[in-house]
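*Asks:* All letters in the sequence shown, in the order written, are residues 163 to 300 by the working numbering. Even glycine gets a Cβ: it sits at the ideal position worked out from N, Cα and C. These figures come from a predicted structure and were not determined experimentally.
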Amino acid sequence: MSNKRVRGLLISAVAVAVASMTGMSSAAAQSAGPVTMQGDKCRTVYAKSGKGYADVCWTWHADSHGTYYGSYWGSFYDTAPSDRQWVVLQATWNGAGRWVPVKSAANGEDFRDEYSGLRGLTFRACTNQGYCGSAAAP
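#1: Buried or exposed: T184, going by 16 or more other Cβ atoms within 10 Å of its Cβ?
#2: Should the segment 258-277 be called in touch with the segment 227-242, which here means at least 3 C-beta pairs below 8 Å?
#3: DSSP state of G257, grouped into three classes?
#4: What does a CB cutoff of less than 8 Å around C294 pick up in its chain, not counting 5 residues either side in sequence?
#5: Do V249 and Y359 count as a contact pair if the criterion is CB distance below 8 Å?
#6: In chain order, which continuous runs of the beta strand (DSSP E) of length 3 or greater are located wholly inside the segment 202-242?
#7: Using the Cβ count rule (16 or more neighbours within 10 Å means buried), how would you classify G257?
#8: For G199, collect the residues of the same chain with a Cβ closer than 6 Å to its Cβ; drop the 5 residues on either side in sequence, then sort them by chain order.
Pasting the structure below:
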């Protein structure tokens, strides 16, 4: 390989690295959805049939493996306390293949935890009897 070609490949590689670090990318890459190195979000997720809800917030930070780590926290609210059901916070992420219960608490109780090595994290609220609502809007 000639020195000119090696230099050209090196310059191309550096340009790609700089573009990825500064957020510049092609239109094709952007069409897949926004990619953010770090951020935070808060949403209210409701169990079905007005059984309760959870206010949940979460942060994310990119790691060197192309996944994210962060924390999530919030509070549970049981709007039908006499039905012997309680609110369960569930999460899913790319590769989970299903919704996973991550937290449960009594009415008004707070929760807090951390996660790592995940992509595409989102939450929903259910009751312990399975009345699940919609996932947190992006």
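*Replies:* In short, the structure shows the following:
#1: Note that T184 scores 32 on pLDDT, short of 50, meaning its location in the model is unreliable and no value can be drawn from it.
#2: yes
#3: coil
#4: A209, K210, Q252, W261, R286, A287, C288
#5: The shown model of the chain, from 163 to 300, leaves out residue 359, and the question about it has no answer.
#6: 214-224, 230-240
#7: exposed
#8: Checking the displayed sequence, the identity of residue 199 turns out to be Met instead of Gly. Cβ neighbours of M199 beyond the five flanking positions: A224.
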